[in-house]
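K.L.:
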Amino acid sequence: MLGAGVAVLGRLGAPRPWLPSLVGWWHRRLCRCLGVEVSCRGTAASGALLAVNHVSWLDIPVLGGAAPAHFVSKAEVRRWPVVGWLAHLAGTLFLRRGAHQAADLAREITARLRAGRRVAIFPEGTTGDGRGLLRFHARLFAAADDRDIPVQPVAIRYGGGPEPDAVAPFVGDDTLLAHLGRVLRHPQLTVTLTFLPPVTMPAGRRRELAEAVRAAIAEELGRLGRGAAAAGGAQPAAFAPDTA
1 MLGAGVAVLG RLGAPRPWLP SLVGWWHRRL CRCLGVEVSC RGTAASGALL AVNHVSWLDI
61 PVLGGAAPAH FVSKAEVRRW PVVGWLAHLA GTLFLRRGAH QAADLAREIT ARLRAGRRVA
121 IFPEGTTGDG RGLLRFHARL FAAADDRDIP VQPVAIRYGG GPEPDAVAPF VGDDTLLAHL
181 GRVLRHPQLT VTLTFLPPVT MPAGRRRELA EAVRAAIAEE LGRLGRGAAA AGGAQPAAFA
241 PDTA
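At position 95 of the sequence shown (counting the first as 1) the number is 95 in full-length UniProt numbering, and the numbers step up by one without a gap.
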């Protein structure tokens with residue numbers, strides 16, 4: 001119902017300065033409905049390119065409720081029933097295959113960042129199991145060629161114990177409905193969202209920037225696992241920062 005109202009106002013050309021606040025409220029409400037408890041550390045910088053490790057579709061409401069941002073998603077999501085339409089209304093940028101499309105996307109990301117908005121990317125390009133990080137794709141950092149744009153690593157870790165939560169990952173041939181059912185049956189899903197200090201790198205060195213961001217997230221995820229293990233008197237989970 002909210003999406004229909006937003007769509008109608010958009011077609012009429014009516015200004016919607018309240019849209020980011022509405023989207024943030026919707027994300028927080030969705031997390032509460034799903035029983036997802038979010039704990040935040042640090043602060044999201046304004047106008048920052050947020051580089052986030054990717055575990056699940058839950059990453060979007062978790063991050064969007066804490067720090068409203070425009071997300072970059074694969075083009076296939078735009079064709080998902082209802083979800084793709086809502087993502088489009090919320091300002092999601094869709095990445096299509098091909099070099100020219102990537103260049104166009106980088107220009108759009110830069111324009112939004114220069115306007116003071118946040119844009120969130122998932123540099124791994126797909127979801128992982130939460131126990132390690134995949135390779136970060138440097139091309140997604142093209143907007144950072146503008147040296148005035150801060151690049152902020154963001155670490156997402158599901159579960160409060162030494163081992164990452166096994167329910168949260170959305171990987172392989174899993175379907176959205178099946179995964180949603182498991183989340184709803186989970187008694188309480190906790191997630192720690194850490195906004196790390198921005199990373200600086202000379203313009204044009206995207207690969208070095210991607211590796212520096214990846215290393216910062218890996219270090220934080222490992223620290224959270226060790227902290228949970230120490231608090232519970234258990235052995236720390238083995239986090240694999242060099243998963244390929």
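All C-beta atoms in this analysis are idealised placements derived from N, C-alpha and C, irrespective of residue type, glycine included.
Would you mind working out which of Gly65, Arg131, Leu176, Leu34 sits nearest residue 282, comparing C-alpha positions?
P.N.:
There is no way to answer for residue 282, as the model of the chain reaches only from 1 to 244.
K.L.:
How long is the line joining the alpha carbons of Ala244 and Leu133, rounded to whole angstroms?
P.N.:
With a pLDDT of 46 at Ala244, under the threshold of 50, the modelled position of that residue is not reliable, and the figure given next carries that caveat. Each residue's Cα considered, the two are about 7 Å apart.
K.L.:
Does Ala166 pass the burial test, meaning 16 or more other C-beta atoms within 10 Å, or should it be called exposed?
P.N.:
exposed
K.L.:
Just the C-alpha distance for Ile60 and Ala103, rounded to the nearest angstrom, thanks.
P.N.:
24 Å
K.L.:
Quick check: the region 42-59 against the region 191-198, are there 3 or more CB pairs under 8 Å?
P.N.:
yes
K.L.:
Where do the N-terminal and C-terminal ends of the alpha helix (DSSP H) with Trp21 fall, by residue?
P.N.:
The amino acid occupying residue 21 in the given sequence is Ser; Trp does not appear at that position. Unbroken alpha helix (DSSP H) run through Ser21: 19-34.
K.L.:
Starting from Leu184, trace the alpha helix (DSSP H) both ways and give me its first and last residue.
P.N.:
176-185 is the span of the alpha helix (DSSP H), which, as asked, contains Leu184.
K.L.:
Pull up the DSSP beta-bridge partners for Ser39, would you.
P.N.:
Thr192
K.L.:
Looking at the structure shown, is Ile121 part of a helix, part of a strand, or coil, going by DSSP?
P.N.:
strand
K.L.:
Hey, how far is the Cα of Pro202 from the Cα of Arg117?
P.N.:
22 Å
K.L.:
So, is Glu37 buried or exposed, given that buried needs 16 or more other C-beta atoms within 10 angstroms?
P.N.:
exposed
K.L.:
Provide the residue(s) that pair with Ser73 in DSSP beta bridges, ordered along the chain.
P.N.:
Answer is Phe94, bridged to Ser73.
K.L.:
Give the range of the beta strand (DSSP E) segment to which Ile156 is assigned.
P.N.:
151-158
K.L.:
For the region 199-216 and the region 156-172, state whether three or more C-beta atom pairs, one from each stretch, are separated by less than 8 Å.
P.N.:
Judged by Cβ distances under 8 Å, the region 199-216 makes no contact with the region 156-172, as fewer than three pairs qualify.
K.L.:
Residues in the same chain with beta-carbon distance under 7 Å from Pro198, minus the five sequence neighbours each way, listed in chain order, please.
P.N.:
Once the five neighbours on either side are set aside, the close Cβ partners of Pro198 are Ala45, Ala48, Pro150, Val151, Gln152.
K.L.:
Considering only residues of the same chain and omitting the five flanking positions on each side of Asp129, which have a CB-CB separation below 7 Å?
P.N.:
So the qualifying residues of the chain are Pro169, Val171.
K.L.:
Helix or strand or just coil, what does DSSP make of Leu50?
P.N.:
strand
K.L.:
Can you pull the DSSP bridge partners for residue 245?
P.N.:
There is simply no residue 245 to check, as the chain begins at 1 and stops at 244 in what is shown.
K.L.:
So what's Arg205 in DSSP terms, helix, strand or just coil?
P.N.:
coil
K.L.:
My understanding is that Ala155 touches Glu220, with C-beta atoms under 8 Å, so please give their C-beta distance in whole angstroms.
P.N.:
4 Å
K.L.:
How big is the Cα-Cα spacing for Thr110 and Asp145?
P.N.:
Their backbone Cα atoms lie some 9 Å apart in a straight line.
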